[in-house]
Amino acid sequence: MPRCAWCSDDPLYIHYHDSEWGVPVRDPQVLFEFLILEGAQAGLSWITVLRKRERYRQVLFGFDPQRLAQMTDAEIDERMLDAGIIRNRRKLEAARCNAQCWLELDDPAGWLWSFVGGEPKINHFDSISQVPAVTAEAEAMSRALKKAGFSFVGPTICYAFMQACGMVMDHTTDCDQYPALATTASSA
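Start counting at 1 in the sequence shown, then tack on 92, and there's your number in my numbering.
Take a look at the structure:
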C-alpha cells in the first residue's frame, strides 16, 4: 500500500500513519496528549516519541491535565531516572506547566481548532517536498499558546501538532490514506 514518503517500514510508524496521523481529533484529552508529545519530540524524531508513548502515558498520569498540573518536583526527579521516556527536565517541567495552562482555557479543543477556522484544512500536495514545516496558522497558534504561558510550542511543533490531529491533512496525493481523509476531513 502506498504511504507518505516520511513513513518508514517500522510497524509502529505504519500503524500511526494509517490510523492516526491526519485524522481530525476534537477530543480535548487526545489533543492535550498530542500537544505534550509534540513538545517532547522537539529535536528528536517522531518515531522516538512513538516508541516511548505508552510509557509516557503511564508516567504522565494518562495525560490527565488535572493530575499532571499537580506533578511535584520530586515526581519530575523520579521521571528523570526512567529510561522509558525522554529524560529532559525542561520538557517534563513544560508538560506540567502546559497542563496548568490547559486548565485555564475554557474550551481548549475549540480554541485550538479556531486556528484553522474550526474545520480541517485539506492540502493536496503531490510530494513530501511540498509539505511546509510551518504555516501562518501554526505561527499564530504558537504565539497564542506562548502568550497563554505554554512552552515547547514553537511554530514547527504547532504545525506538526496540527498535522497529527487532522487540523491540516497533509497526506500526499499518492498516499493510500489521502482519498478517505480528503473526503472525511472535509466533512468532519
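Idealized CB from N, CA, C, for every residue including glycine.
Listed in chain order, the alpha helix (DSSP H) elements of length 4 or more contained wholly in the region 141-194 are 157-160, 165-171. In this structure, the straight-line span from the alpha carbon of residue 257 to that of residue 194 is close to 17 Å. Annotated three-state conformation of residue 260 is strand, per DSSP. In the DSSP assignment, residue 200 falls within the unbroken alpha helix (DSSP H) covering 200-205. With respect to the 9 Å criterion, residue 138 and residue 232 are not classified as neighbours on the basis of their beta carbons.
Assignment of beta-bridge partners to residue 214 by DSSP yields 261. Cβ neighbours of residue 141 within its own chain (closer than 7 Å, five residues either side excluded): 129, 132, 133. Of the other Cβ atoms in all chains shown, fewer than 16 fall within 10 Å of the Cβ of residue 182; this residue is therefore exposed. In the three-state DSSP reduction, residue 234 falls in the helix class (H, G or I). Three or more Cβ pairs closer than 8 Å define a contact, and the region 190-210 meets that threshold against the region 253-273.
Inter-segment contact for the region 96-104 and the region 218-228 is present: three or more beta-carbon pairs are separated by less than 8 Å. By the Cβ test, the region 105-120 is in contact with the region 258-274, since at least three Cβ pairs between them sit closer than 8 Å. By the CB criterion at 9 Å, residue 186 and residue 157 fall outside the cutoff. In the three-state scheme derived from DSSP, where H, G and I count as helix and E and B as strand, residue 244 is classed as coil.
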